[in-house]
Structure formats: structure tokens, C-alpha cells
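Shown next, in C-alpha cells, is the structure this report addresses.
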Amino acid sequence: MPLRIDVITIFPDYFAPLQLSLMGKAQQSGLVTIAIHDLREFTSDRHRSVDDTPYGGGAGMVMTPEPWGQAIDAVVTDQSTLIVPTPAGKLFSQPVAAELAHSTHLIFACGRYEGIDQRVVEYYRPRIDVRELSIGDYVLAGGDVATLAMIEASVRLVPGVLGNPESLVEESHQLPGVEYPSYTKPPTWRGLDVPEVLLSGHHDQIARWRAEQSTIRTTHNRPDLLPGS
Ligand SMILES: NCc1ccc(-c2ccccc2)nc1
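Heads up: the sequence shown begins at 1 in the UniProt record's numbering, then just goes up one per residue.
Here you go:
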């Protein structure tokens, strides 16, 4: 059963990259189908408007609920998961990507302006799985870039999408923490040598060195990922 993804956005062109590279191949392979929908196709006024002023005042505009209701109703089934990218959401992570990779149908609602009228989430929550997700503590101009990131992270985990599942095995056995540094040819580049141990062929020494490098890097860059932190 291929994974189906429907993206609803006012900037369909933002999703052209999904036709390239790994994401493009995944679609050609039939493992995943991705459809992009222009929210304005679901408006009914002459100006195809999708936003209005916020109740309660405040800066900016809010996306009105009805076009979203029309657009989501056009693609939703009882197997759907509705994903709303928002800085206010739960943090997206590799485990969440793995969950999404094993879903049947994902609908991404890409908000703009100050976001989408909250009643859209409230309306679908009793009917289907609804997940408000953040990709990090920074505000973007909309949910489109976050959606691209979540689709890429999830689709690469769909069985069969990655040519060599080897890299997935290594990822999943990753010690808690960040990856060790990687090197390739040439052995010397602009006077800089590849660490000797990597050329030694001593696989247990290489594994130890890599684990050590991962710990050093994690301590320096991501102490929050260290065990017991
Ligand atoms: N966590 C990243 C993220 C996700 C979505 C948005 C966003 C901004 C404006 C409108 C709708 C969503 N911003 C940041």
C-alpha cells in the first residue's frame, strides 16, 4: 500500500523540489504518491481570498477556515492524518518521521500569515488523527518549508525508498548523539590529512575512534543529547 501525501498550500511551486532526486524517484517507484493542491482553488469569492483580520485584535492576518474545510474534505478519508506545521506544535523528530513513514495517508496543511483559524484543527480532531508539528524553535513565513522537511525526513524511511538500507541501519544504531565526521579521497587535501586510523584497516580501532568523535562532537554541539542529560 503506497503512502499517499496531499499537500494544501497557497504556494504550490514551493513543492517543485519533490519531483527531484530521491523524492522524485520514490514517486516514480510507486512507493509514495504526492499531490499538491492550491488552497485558492477552494475559495468561492471573486478575489479568491484566504485570510482575514484576527478576532481579538493583534498584528497580521489569519487564514479563514472555510477554504481549508473545502480543501481537506476533498482529500480526507478515515485513514488520513492531518499535519499542521506550526511553531506551537509538538517537536517533529526522527521517531515521528518513522511513524509518518508507516502511515497510509498524510495531509499537510501549510499555513501562512499568522496561521490557520484554530477551528480547522478542532473540526477534524474528533474525526481523524490531527498533529500540530514544529520543526524547531524559529518562525518561518509559513508551513511550506517545514512541510518539505517533514516529507523528506519521512519518505526516506518508507521501506524501499532508500537504495541501500545500510545507511538506515547505521542511523538506527547511532549512539545517542551526533554523527562522527566523515572523510573521503584524496588522503591529503590542501595540506590536511585524513585521520590515520581511518586508513589503517583496523575496524575495531575505527569503530572506537568514531564513537569517541561522536561523543566529542555531541558534548561540544549538542550536550542535550548526551545520555543522562
Ligand atoms: N517550526 C517551524 C515553523 C512551522 C510553521 C511556521 C508557520 C509560520 C507562519 C504561518 C504558519 C506556520 N513557522 C515555523
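Note that CB positions come from ideal geometry on N, CA and C, so glycine has one too.
In this structure, the beta-carbon distance from Leu39 to Ile10 falls below 8 Å. Here Asp117 is buried, its C-beta having at least 16 other C-beta atoms within 10 Å.
Distances from the CA of Gly115 to each of Asp51, Arg208, Trp209 were compared; the closest alpha carbon is that of Asp51. For Val130, the closest alpha carbon among the candidates Gln79, His37, Glu170, Ala71 is that of Gln79. One alpha carbon belongs to Ala16, the other to Ile34, and they sit about 11 Å apart. Checking the DSSP bridge columns, you'll see Thr188 partnered with Asp193.
When beta bridges are read from the DSSP output, Phe108 appears opposite Val7, Ile83. Relative to the non-hydrogen atoms of ligand 1, the Cβ of Thr215 never comes closer than 7 Å to any of them. Residue range 65–75 is occupied by the alpha helix (DSSP H) that includes Glu66. The residues Val197, Leu198, Ser200, in chain order, have a CB closer than 8 Å to that of Ile206 in the same chain once the five nearest residues on each side in sequence are set aside. Taking the C-beta atoms as reference points, Gly69 is found no nearer than 8 Å to Tyr138. Between Gly111 and the set Leu133, Val96, Arg222, the nearest pair of CA atoms involves Leu133. Annotation: Leu106 to Ser182 spans about 34 Å, alpha carbon to alpha carbon. Distances from the CA of Pro2 to each of Leu100, Glu179, Leu20 were compared; the closest alpha carbon is that of Leu100. Of the heavy atoms belonging to ligand 1, at least one sits nearer than 7 Å to the Cβ of Arg112.
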